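Q: Just so we're aligned, residue 10 is where the sequence shown starts under our numbering, counting upward by one. We put the CB at the ideal spot given by N, CA and C, even for glycine. Small disclaimer: the values here were computed from a predicted structure and weren't measured.
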Amino acid sequence: QINGVDQPAMDQAPYIKNDRTYLPVRYVAYGLGIGDNGIIWDAVNQTVTLMKNDKVVQLKIGSTTMLVNGAAITMDAAPEITAAGRTCLPIRFVAEAFGGTAAWDAATQTVTITI
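Spelled out as structure tokens, the structure:
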């Protein structure tokens, strides 16, 4: 859901790895108000760039370093490509990079992102 409104189903379910929740990059971006033109995938360098307003966030598959407008931020989880071929991101760090917060509700297994 985005702002309480159901969205089309994702083509891969979110998952938890090492206490971090991962979602496919496209759906993370949509949830943050980033459209298709603000999502760039560089297959050669295995880097995803998300752009919204004056913010540019870059993440590299397998790297715990995220660049926010060129400044390096260390994450405790790295983006990865799943067996299904989807690029998945640790949602908390990406939400925070765009000024949001992510809250985990263990009882319902739900992540709520507030922007």
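1. In the DSSP assignment, find the unbroken beta strand (DSSP E) run with I49 in it and report its ends.
2. So who's on the other strand from M75, going by DSSP bridges?
3. Would you decide whether P88 is buried or exposed? Buried here means 16 or more other CB atoms lie within 10 Å of its CB.
4. When you compare the CB positions of Q55 and I70, do they come within less than 7 Å of one another, or not?
5. Helix or strand or just coil, what does DSSP make of D114?
6. Candidates A92, A115 and I100: which alpha carbon is nearest T123's?
7. Quick check on the DSSP output: what are the complete alpha helix (DSSP H) runs of length 4 or more inside the stretch 17–45, in order along the chain?
8. Per DSSP, which one or two residues make a beta bridge with T91?
9. How close, in whole Å, do the beta carbons of A93 and Q21 come, if the pair is a contact with beta carbons under 8 Å?
10. Run through DSSP, which three-state label would I100 get?
A: Reading it off the structure:
1. Looking at the DSSP string, the run of the beta strand (DSSP E) that includes I49 is I48 to D51.
2. L68 and I82, per the DSSP bridge assignment.
3. Around the beta carbon of P88, 16 or more other beta carbons sit within 10 angstroms, so the residue counts as buried.
4. Yes. Within cutoff.
5. Under the three-state reduction of DSSP, D114 is assigned to strand.
6. Residue I100 is the option with its Cα nearest to T123.
7. For the stretch 17–45, whole alpha helix (DSSP H) runs of length 4 or above, ordered along the chain, are 34–40.
8. Per DSSP, none; premise fails for T91.
9. Sure, about 6 Å apart at Cβ, within 8 Å.
10. Helix.
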